[in-house]
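A.B. asks: Following this message is one structure expressed as structure tokens.
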Amino acid sequence: MAWMLPTIIKNLFSRPATRRYPYKDIREPFLGYRGRIHLDPQKCDLSRDCARVCPSGAIEVSPEDRQWTYHPFRCVYCGACMQICPQRAITQDKFYAKPATTKEIETINVPL
Amino acid sequence: MARTAIPFGPQHPVFPEPVHLKLELEDETVVGVTPVIGYMHRGIEKAAELKTFRQNVFLIERICGICSFMHSLAYCQGVEALTDVEAPPRARFLRVFWSELSRSHSHLLTLGLLADAMGFESLFMQCWRAREIVLDISEMTAGHRIIQSTCSVGGVRRDINSEMAKEVDARLRALQEMLDRSISPVFLHDYTINRRTEGKGIVPKEQAELLGAVGPTARGSGVTVDIRQTGYAAYSDLSIDPVVETAGDSYARTKVRVRELSRSVELVREVLAMMPAGEILVAVSNYPEGETVSRVEQPRGEEIMYLKGNSTNYLERVRVRTPTFANIPALLGMLPGCELADVPIITLSIDPCIGCTER
Amino acid sequence: MSSGWIIASVIIAVIVVPLVAGLLSGIDRKLTAHMQGRIGPPIIQPFYDIIKLLGKKPMVAGQAQLVFAWAFVGLTVTAVVLLALRQDLVLTLLVFFFGSVCLPLGALSVKSPYSQYGGHRELLQLLALEPILLLSAIPVSLKVGSFLIADIFAHGQPLLPSLWITFAVLLIPVALVMRKSPFDIAGSEHAHQELVRGVLTEYSGPYLALVEVGHWYAKIFVLSILGLFWVVGSLWWLSVIIALGGWFIVLIVDNVTSRLTWSWMVKFAWGCGITLITLNSVLIHLGWM
Amino acid sequence: MAEVLIRLLILLPIVTGSICLVVRKSEVRAGIVYLTAIFLIVSSIVLAQQWSLPLKYYAGPTSKWIVLVLSMVMLAYIVFVAAVDIRRRGVTLHSVLTIVVALAAAIPVAVFQFALAPEVPLVANPALYVDHFSLLRGILISVTCPLICVYAIRYMKNHEEHLTHLGELKRTRQPRFFFYMLVLIGAMNGVAFSDNLLWLAFFWGLTTLCAYALIRHDETPEAIAGAFRTLWICLIGNVGFSAAIILSWYSPLNTISLGALVSNGAVGYPVLLLPFALLCVAGITKAGQIPFHGWGIKAALVSPAPVHAILYPFMTTGVFIVLYVSPGFVGTQFATFLAIFGAASSLSLGLIAISQRGSISILVCSAISNLALIIVCAGIGTPLALTAGVMLVIFLTISMILLYLCAGVIEQHVRSNDVEDMEGLARKQPLLTGITMTAILSLLVAPFGILLSKWAAIQAAAVIGIWSSLVLALLMLSIGAATVFWAKWLGRILCQTPTSESARLEPFVPHYHGVLLTLVGFAVLSSVFIAPLYNAAIVPIIVGAGYDPILAFTTEAWFLRATGGVFAGWPIFIVVAIVLLIPFATMKVRPEATRPAFMCGENVEIGSDEFVAVGDERTPLMTGGFYIEGLLGEQRLDRFVIPAGVVLLGILFAMVAL
Amino acid sequence: MDILTRSRTKSPWLLHYSCGSCNGCDIEILAALTPLYDVERFGIVNMGNPKHADVLLVTGPANWRNYRVLRNIYDQMPEPKLVVVVGVCGSTGGVFDKCPNTLGGIDTVIPVDVYIPGCAARPEAIIDGVVLALGKLEAYGT
Ligand code: SF4
Ligand code: SF4
Ligand code: SF4
Ligand code: SF4
Ligand code: SF4
Ligand code: SF4
Ligand code: SF4
Ligand code: SF4
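Chains as they are written, first to last, in my numbering: chain W, 6 to 117; chain H, 710 to 1068; chain X, 279 to 567; chain Y, 10 to 667; chain S, 187 to 328.
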């Protein structure tokens, strides 16, 4: 009949499984989590490989203006750009961009 | 008796995805069902012709986030066939690893949703609590909770080292215990679940075959079909016995999932133990050429992917036949005659996925 | 009863009851969450919900539903007041019952698929609930010799020992009124249900708050009926414990069962409930209980 | 004065009815009906002031022979009608049974009166005997039934226009219609006032005959079949009367006076139990109780609304007799089982009503189910039960007639009596909807008198010993069932698509709205003034039955107090008034606050009940009610109910034998 | 903070609607309700009915068929109401960039208050996003 009974009784008398985000037990993403990408403008040579490979058009590279533009609200965090970049100019950390009320765009001027 | 015609969906709490069933009822009894679709259609197949075949991996795996990995697997296997490369053995085992991980999280998810549709909240919570173990493993090994993004044309993008393997194994053992103790017995024996599923939404074996049902829907009706037996990836090295039940009702389908779930967890552990060493990715230098059909067994059944290349960076045609699409005729056969209260349960018992059906 | 007492009872019934009921549903949610391995909302969460709803912009689907919402609350409060004044049990139950009918009527007055189904199912629910609730007055009256609640108080002996069958059966209406599994067919506490909260579908904002508060009164009403099974002199807390005990059983049952269908519900309520209460009365008649 | 009025209450409608039969001009006929109505109502008001009861009216010796001959002629006419039907439409079960039953009613009395005991005195026993109970009954009939006739003036005009339009009617049948209506009123008054069983049987048969004629008014094959079914079933009552006359004459009492039978009672004279049982069976058949409920439901399908309306007091005549004779057998096992029978009947019809779609069918089932409550009260027989029974007779007559009439108007408006087709009536006919709603609520909720009566019945039933549990269980279930079907109907007429436009009142039709509002007034006033009403009208009845009214209710400041508890009707009225006033006063729904119903996001627009479905097409939303035919369908239930009814009746007679 | 605003921020009821999402974010929303994240701690309940909801959580890009549904349910939510888009595909179209049947982000159909990035967004991010959105309520009605 009541096959769930032992479980709920046990739950009732043990500590809840909840992670008390955002107050306590904040668990960082595991190492290697695919988060947002960062450009090292020093390394980039504006080859546009990253823009070409990006599946969601989150990177725009304009060699004329020497600008590298990243749309965090387009990026699907696949890491393909990082993999392809011949200059190893892109790194990926393990955090996403923060929720926001506007979709900012990150534009980086790449120095000569 | 008074006729009733009501919209069931697209925005409806029992359907996480938008689908619309126009229900015709008499009292509580369903006498007619017309599915209305298109709320999720994005045109992915067309988009896949507009992106390069490598970019497509990321698009295809987002046909649906639940068996995301299987989509990319089917795609990559297809492209590999078209480009004449073969994934290295370790990659093939890793593919099974993530496939079975996806299957277990998908089954847990479905079982949870089923419990929720029946108003069995505590069981839903328990299923999803167990599922978090799988998701943590996925995050640990693939870098993401649900969209693994690890499959790549020519192999896989991530490897698992031995420490990680040990950690994974420990977590899986915990999962297994949780399943055996507090989840499987409830689904298998609880009186109220029994009452809500037994004898509801019956598809006899012949009909299941005739309508081309796949996956647990077919296996719940006694059809022995499991594409893993074709031995893609590393399945040829593992023993795959399809889990089959014969009653053909919602209960049978649920039982198939519960038993498959345990088997999946075992498989993941087996794979970890058997994994050969070596390369995980081989380079692909030529463009896809010709056409091929790639099949994988998703949690919901057989997915067929047809790919056609023309020696360019772009594919000429990508066509996906998803399992839910194959199961919808069976579903439409199940619903008439049932009660309104059973509609969610029967619908969820084929584990419908609109995301991939409409693409 | 002196008039001071009467006024005090009325005030308690009208003002204190919703406070207690709100807390109780807060505890309910907390306990349920813990049973599910979660932390759950703060205990005063129901009050936040109600205040928030009251502060929302009104939005309606028809005037009739508002009238019935008021009628539901009004009659339910009346029933609680009658109970507090220790009036006739049958009459009190009848008033409560007709208050409850207003809820489906409000739902049926809007041409909305889910509201309609909720309304019809709620009616079936009342079909299951009402006879049990009314009939439970019979063995009670056999024991205390009258239908007056005041006489239960005057009776001086707890009813539970001889009426435990009736008490057990009364848990069915309690679960029904609390909208708990396996009986939450018409308008679940939780939204994940085929009817999208059924009878409540078309209420929103302040009117939803109104109906919710009415529902609080209803819950306390049925729990107080449970409490009547152990009133002895001034030990009022014993009845509270009895009522809470019944409430806790219902909570547990909610968490170990799934929702069942209306036909099962009606058959179960009529088949088991009515038969057992009748049996209880017969046993009392025969002097065996 | 009073004696004259009483006689006029019986005779005048019969006379004016006969005039209607020959008057061909409808305005003149209407005038006659108005005059009769005014006379009946006024004289009942006058009679209501008359408290020097009982009144007795002794008929002369010749009158006995007149009544006898009239009875025989009437039964012969019935046989003749059935014979004609057989010639015209072949042998049918119902017409054959009609002949058999009519003969069974006629022959024993004829043999008894003409051959065995021509000396049975009529002079010693009063022919008419007016006590408080029969006066109350007469007043109820004479106030409500004329209103039905007034309503019928307009209704039948529309009805015939419609039929003529359909080509189903060549010549007006209204003269015949009003003839039978008025005669039926007279005959029912006759039943109320008669004391002599011969007279009673005659009036009893006359009401049946009128009912038969009214049911077959439309002359469709179904109507004729339904009429014959009614005829033979209700005539069973006359067989019972015939047997009762003979039995009571040969009993030690040597009387055929109803009053004498009742006042002596079965406790002192156990042989009287059989005549009482026979009278009860007469009442049961006429009130359409199980297993005879078929006639009521069938008749509901075939005849015009005023006929249904007047059939309600006709059926009440049946339970009136049961309640009237109940003090005669109080305390016997028979009485207990009568209560069980009534409760079972009430529940059965309540359940059948849930699966009914026709408004009139629902009303009939509900009427029978409610009348069964009165039988329960008769079976319980305590002062409180008697009070409950009498109150039910009063309040139900008002509310049920009101509902029948409402259903008629609605039917003419939506051209269907299917409850499903009444959806959205609240928008099209707000006034009518309001009246119907009040009527339904008057049956259901406190503080209306019916609830009080049911409450009293429950209180009373609790004390009849071990069987009370069974009776009460059945009663509670029946109350629950009633709520379901009423709420369903109410839900249907109130159901409307959300729109930002507000509804406009329909034009006032005096014949309809006037009559309906009058009845609503009765319903409300009688409930508000329940305590004075109780003191004035019901206490004398209790006293007349030989009880102490203290055992029923005492009144204090508008409350009714029974030994079991207090009915605080008045405060509830206040609460209800407040509850209804708050929203009406404070909540003016602003149009911009109105939103369409939740349709999973596929609504078309506000004010439209369509949703977008296949191929982006607008699809009408349909929301039908629940009828649960699989579980509670009439046919399915009849398989249990009819045998159960037969068995219960069998047990009743077994109790007589014991 | 007055009691009403406080209650508003303490009791956000959700309505979840999936447009053309891939389910990834949808199941993360559901996961946020379950024991490990348990958003009911914040009074957040998934309501499934626009008439009861305060916060509309949308996933996936709008398309030619579902934008109407989206607008309807948005209309049926009583004020004050918030729209939170979960996942990048609902914010901008994301990976469904070149898909021919999409209209792009949700903000092409209804006003959006908060965007939660991620593909799929993590439950923690969903919590953060809803909390961010609730901040907007403080300004409401003043
Ligand atoms: S980031 Fe790398 S791939 Fe992109 S433009 Fe710069 S160098 Fe080229
Ligand atoms: S991580 Fe993927 S989606 Fe994001 S910018 Fe890089 S390639 Fe594009
Ligand atoms: S399949 Fe989809 S994307 Fe392609 S044309 Fe049709 S609607 Fe557009
Ligand atoms: S079958 Fe369902 S879960 Fe799997 S990819 Fe398709 S939509 Fe997603
Ligand atoms: S699937 Fe076949 S039948 Fe259907 S439209 Fe295509 S070609 Fe025609
Ligand atoms: S079934 Fe295939 S062909 Fe038909 S609409 Fe869907 S995708 Fe297109
Ligand atoms: S193509 Fe098929 S699914 Fe699309 S509208 Fe036409 S019939 Fe419907
Ligand atoms: S953002 Fe990514 S994971 Fe989320 S629904 Fe869109 S495609 Fe799926």
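Don't be surprised by glycine CBs; every beta carbon is placed ideally from N, CA and C.
Remember, it's a predicted structure, so these values are computed and weren't measured experimentally.
Suppose you measure from the CA of Y/L356 to the CA of Y/L646; what does that come to, to the nearest Å?
C.D. replies: Cα to Cα, the separation comes out at about 11 Å.
A.B. asks: Between which residues of its own chain and H/V1005 is the CB-CB distance below 7 Å, once the five residues before and five after are set aside?
C.D. replies: Within the same chain, H/V1005 has close Cβ partners M779, L782, A783, I936, Y941 and E1012.
A.B. asks: Name the residues in the stretch 497 to 513 of chain Y whose C-beta lies less than 7 Å from a C-beta of chain X; which are they?
C.D. replies: Under the 7 Å Cβ criterion, the stretch 497 to 513 of chain Y contributes K497, L499, G500, L503, C504, Q505, T506 and P507.
A.B. asks: So, using beta-carbon positions, are Y/A286 and Y/S251 closer together than 8 Å?
C.D. replies: No, the pair does not count as a contact, with Cβ atoms beyond the cut-off.
A.B. asks: Residues of the stretch 897 to 921 of chain H in Cβ contact with chain X at a cutoff of 7 Å, in chain order, please.
C.D. replies: Of all residues in the stretch 897 to 921 of chain H, T901, I902, R904 and R905 have a Cβ within less than 7 Å of some Cβ in chain X.
A.B. asks: So which of Y/T563, Y/A416 and Y/D204 has the shortest CA-CA distance to Y/F142?
C.D. replies: For the residues Y/T563, Y/A416 and Y/D204, the minimum Cα distance to Y/F142 belongs to Y/D204.
A.B. asks: Determine whether the beta carbon atoms of H/R771 and S/G210 lie at a separation below 8 Å.
C.D. replies: Yes.
A.B. asks: From the DSSP output, in three-state form, read off H/E726 for me.
C.D. replies: H/E726: coil per DSSP, three-state reduction.
A.B. asks: Does the distance from the CB of Y/I330 to the CB of Y/G274 come in under 8 Å?
C.D. replies: Not in contact: Y/I330 and Y/G274 (Cβ atoms no closer than 8 Å).
A.B. asks: Quick one, which residues of the stretch 603 to 630 of chain Y are near chain X if we go by CB-CB under 9 Å, in chain order?
C.D. replies: Of all residues in the stretch 603 to 630 of chain Y, T603, R604, P605, A606, F607, M608, C609, D618, F620 and L630 have a Cβ within less than 9 Å of some Cβ in chain X.
A.B. asks: Counting contacts by CB-CB distance shorter than 8 Å, is H/D736 in contact with chain Y?
C.D. replies: Yes, H/D736 lies at the interface with chain Y (some Cβ there is under 8 Å from its Cβ).
A.B. asks: Are there any heavy atoms of ligand 8 lying less than 7 Å away from the beta-carbon of W/A56, as far as the coordinates show?
C.D. replies: No, the beta carbon of W/A56 sits no closer than 7 Å to any heavy atom of ligand 8.
A.B. asks: Are there any heavy atoms of ligand 8 lying less than 7 Å away from the beta-carbon of H/R1009, as far as the coordinates show?
C.D. replies: H/R1009 Cβ: outside cutoff for every heavy atom of ligand 8.
A.B. asks: Quick check: the stretch 887 to 894 of chain H against the stretch 918 to 925 of chain H, are at least 3 beta-carbon pairs closer than 8 Å?
C.D. replies: As far as the Cβ criterion goes, the stretch 918 to 925 of chain H does not touch the stretch 887 to 894 of chain H, which means the pair count is below three.
A.B. asks: Using beta carbons (cut-off 8 Å, strictly below), is W/Y13 in contact with chain X?
C.D. replies: Going by the sequence as given, residue 13 of chain W is Ile instead of Tyr. Closer than 8 Å to some Cβ of chain X, the Cβ of W/I13 qualifies, so yes.
A.B. asks: Quick one: is W/P68 buried, meaning 16 or more other Cβ sit within 10 Å of its Cβ, or exposed?
C.D. replies: Exposed, since its Cβ has fewer than 16 Cβ neighbours within 10 Å.
A.B. asks: Which term fits H/K964, buried or exposed, when burial requires 16 or more other beta carbons within 10 angstroms of its beta carbon?
C.D. replies: The residue in question, H/K964, is buried, as its Cβ has 16 or more Cβ neighbours within 10 Å.
A.B. asks: By how many angstroms is the C-alpha of Y/A111 removed from the C-alpha of Y/I242?
C.D. replies: Cα to Cα, Y/I242 sits roughly 10 Å from Y/A111.
A.B. asks: Which of helix, strand or coil does DSSP assign to Y/D427?
C.D. replies: Reduced to three states, the DSSP call for Y/D427 is strand.
A.B. asks: Below 8 Å, how does it come out for the stretch 340 to 352 of chain X and the stretch 374 to 387 of chain X: are there three or more Cβ pairs, yes or no?
C.D. replies: Short answer: they touch.
A.B. asks: What in chain Y is Cβ-close to X/L361, meaning under 9 Å?
C.D. replies: By Cβ distance, chain Y contributes nothing, its closest Cβ being about 13 Å from X/L361, past 9 Å.
A.B. asks: At the 8 Å Cβ level, is H/P894 part of the contact set with chain W, yes or no?
C.D. replies: With 8 Å as the cut-off, H/P894 counts as an interface residue toward chain W.
A.B. asks: Within a Cβ cutoff of 6 Å, which residues of the same chain sit near Y/Y189, ignoring the five residues on either side of it in sequence?
C.D. replies: Correct list, in chain order: C219, A222 and L223.
A.B. asks: So with CB distances below 7 Å, who are the chain X contacts of Y/T632?
C.D. replies: Those within 7 Å of Y/T632 in chain X are K389, P391 and Q394.
A.B. asks: Kindly list, in the order they appear in chain S, the residues whose Cβ is closer than 8 Å to that of W/G22.
C.D. replies: Residue identity differs from the one stated: residue 22 of chain W is Ala in this sequence, not Gly. Going along chain S in sequence order, the residues near W/A22 (Cβ under 8 Å) are P221 and L222.
A.B. asks: Using a Cβ-based criterion (distance less than 7 Å to any ligand heavy atom), does H/D868 qualify as near ligand 1?
C.D. replies: Not under cutoff, so the answer is no.
A.B. asks: Roughly how far, in whole angstroms, is the beta-carbon of S/G279 from the beta-carbon of S/G304, given that I think they are within contact range, below 8 Å?
C.D. replies: 15 Å between Cβ atoms; not a contact.
A.B. asks: In chain order, what residues of the same chain lie with their CB nearer than 6 Å to the CB of Y/S80, ignoring the 5 residues before and after it?
C.D. replies: Answer for Y/S80: F211, listed in chain order.
A.B. asks: Kindly indicate which residue of Y/P516, Y/Y86, Y/T153 and Y/A469 has the alpha-carbon position closest to the one of Y/L560.
C.D. replies: Minimum Cα distance to Y/L560 is reached at Y/A469.
A.B. asks: Does Y/T173 pass the burial test, meaning 16 or more other C-beta atoms within 10 Å, or should it be called exposed?
C.D. replies: Label assigned to Y/T173: exposed.
A.B. asks: Please report whether the beta-carbon of X/K330 lies at a distance below 8 Å from any beta-carbon of chain S.
C.D. replies: So, interface residue.
A.B. asks: Would the beta-carbon of W/Q92 be found less than 7 Å away from any heavy atom of ligand 1?
C.D. replies: At least one heavy atom of ligand 1 is nearer than 7 Å to the Cβ of W/Q92, so yes.
A.B. asks: Just to confirm, does W/A63 get its C-beta within under 7 Å of one of the non-hydrogen atoms of ligand 8?
C.D. replies: No; taking the cut-off as 7 Å, the Cβ of W/A63 has no heavy atom of ligand 8 nearer than that.
A.B. asks: Would you say the beta carbon of H/V1029 comes nearer than 7 Å to a heavy atom of ligand 8?
C.D. replies: Answer for H/V1029: no, Cβ out of range of ligand 8.
A.B. asks: Does the beta carbon of S/A311 fall short of 7 Å from some heavy atom of ligand 8?
C.D. replies: The answer is no for S/A311.
A.B. asks: Enumerate in chain order the residues of its own chain whose CB-to-CB distance from H/G741 is below 6 Å, with the five nearest sequence positions on each side excluded.
C.D. replies: Same-chain partners within the cutoff: E733.
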